[in-house]
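Enquirer:
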Amino acid sequence: MLAGFFSIIPGCIHFFLPDGGAGVIAGIDLSTRAETIIAVFAWLGAMQIPHGIAQLVVGWRYRPLVPLFLALLILERGLMAIDGWLLKDAHAAANAAHRPPEHFASVTTVALAGIAL
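Taking our numbering, the leading residue of the sequence shown gets 125, the next gets one more, and so forth.
(1) Beta-carbon within less than 8 angstroms of glutamate 180's beta-carbon, same chain only, minus the 5 sequence neighbours each way: which residues are those?
(2) Since leucine 241 and proline 191 should fall inside the 8 angstroms C-beta cutoff, what is the C-beta to C-beta distance between them, to a whole number of angstroms?
(3) I need the straight-line Cα distance from leucine 199 to glycine 208, nearest angstrom please.
(4) Taking 9 angstroms as the threshold (C-beta atoms), are threonine 233 and arginine 187 in contact?
(5) Please report the distance separating the alpha-carbon of alanine 229 from that of histidine 222.
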């Protein structure tokens, strides 16, 4: 159920904050293509909120599905961690003074979900 809360909270931030957290939290320069960046953040938030609700429902009512949801969480956050630390975003983040909180949260989530699985 904790994973559900940690999906819903950033989903609400991405969907409801005026900049989706892109500038104020992630430190992304919004001087060019701000509308597109903010729209992508809102789109991500729109996916995170129902996904988090599903995680809460599974944790609360459909316990046999918990291992499946943990495996999906490991896959999702593992791919995010690989992208953020090794692939597409790695070069830009390595040269920046600030990494988005999700870079650290994804690695931590993979480890904790692996232990729980």
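Quick reminder that beta carbons are idealized off the backbone N, C-alpha and C, glycines included. The model shown is predicted, which means the values in this text are computed figures rather than measured ones.
Expert: Once the coordinates are examined:
(1) At residue 180 the sequence reads leucine, which differs from the glutamate that was named. The residues are Met125, Gly128, Phe129 and Ile132.
(2) 6 angstroms
(3) 14 angstroms
(4) no
(5) 14 angstroms
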